[in-house]
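**Student:**
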Amino acid sequence: MIISGIVNPQLQSLLCRVRHTNSLVLADVGFPSWPGLETVDLSLVRGVPTVLQVLQALRGQWQCGEIFMAQEFVAHNDRRTRAAFAKACGGAALRFEPHVAFKQRVPHAIGLIRTGDPIQYANMILVSA
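Every letter in the sequence shown is one number past the one before it in my numbering, and letter 86, counting from 1, is 84.
(1) Within 8 Å, do at least three Cβ pairs link the stretch 40 to 53 to the stretch 96 to 108?
(2) Measure the alpha-carbon distance for Ala107 versus Arg57 and round it to whole angstroms.
(3) For the stretch 117 to 124 against the stretch 13 to 25, do three or more pairs of beta-carbon atoms, one drawn from each stretch, fall closer than 8 Å, so that the two count as touching?
(4) Is it the case that the stretch 26 to 38 contacts the stretch 79 to 90, given that we only count it when at least three CB pairs across the two stretches are under 8 Å?
(5) In chain order, which continuous runs of the alpha helix (DSSP H) of length 4 or greater are located wholly inside the stretch 47 to 122?
(6) Cα separation between Gly114 and Phe66?
(7) Excluding the 5 residues flanking Leu12 on each side, which residues of the same chain have their C-beta closer than 8 Å to its C-beta?
(8) Report yes if the C-beta distance between Gln59 and Gly3 is below 7 Å; otherwise report no.
(9) What do you get for Cys62, buried or exposed, if any count of 16 or more other CB atoms within 10 angstroms of its CB means buried?
(10) In angstroms, rounded to a whole number, what distance separates the CA positions of Lys101 and Tyr119?
(11) Following the continuous alpha helix (DSSP H) through Ser41, name the residue where it begins and the one where it ends.
(12) Could you have a look at Ser126 and say whether DSSP puts it in helix, strand or coil?
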């Protein structure tokens, strides 16, 4: 029995299939369903878990080299929220692009992890190093 790290078997299975340069979507509570894209829904109630909580768990077991977010995240969130997200990215390059361009990347991901996070535009596309 796994006693540390990520214990969700569906999430572990998804992570094990992400290879070098593959991407994974980490989504907020409002992100739409994406037909044909494997989704691991971790949302329990609004706000649980957050994108940053899941990112922290992922970063402990999975190497991320680049992270994409929508430019709208910057416009819709305060300095403190933006700083928390930047810090959580650690050494990964954080890149912002228009939300439309962000959503065009989604179908190319290996899977999607949905959280309960209510922060606007908190979605991230994590690219494996």
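All C-beta atoms, glycine included, are put in the ideal place defined by N, C-alpha and C.
**Tutor:** Result, derived from the coordinates:
(1) Cβ pair count under 8 Å is below three, so no.
(2) Ala107 and Arg57 have their C-alpha atoms some 17 Å from each other.
(3) In the pairwise beta carbon analysis, the stretch 117 to 124 is classified as touching the stretch 13 to 25: at least three pairs are separated by under 8 Å.
(4) Taking a cut-off of 8 Å on C-beta distances, the stretch 79 to 90 does not touch the stretch 26 to 38, as fewer than three cross pairs fall below it.
(5) Here the runs fully enclosed are 49 to 57, 70 to 74, 77 to 86 and 97 to 103.
(6) As the crow flies, the alpha-carbon of Gly114 is around 19 Å from that of Phe66.
(7) Result list for Leu12: Leu22, Glu36, Val38, Ile108, Gly109 and Ile111, in chain order.
(8) Yes. Within cutoff.
(9) Burial call: buried.
(10) Between Lys101 and Tyr119, the C-alpha separation is close to 11 Å.
(11) Ser41 -> no alpha helix (DSSP H), and no H or E assigned at all.
(12) DSSP places Ser126 in strand when its eight states are reduced to three.
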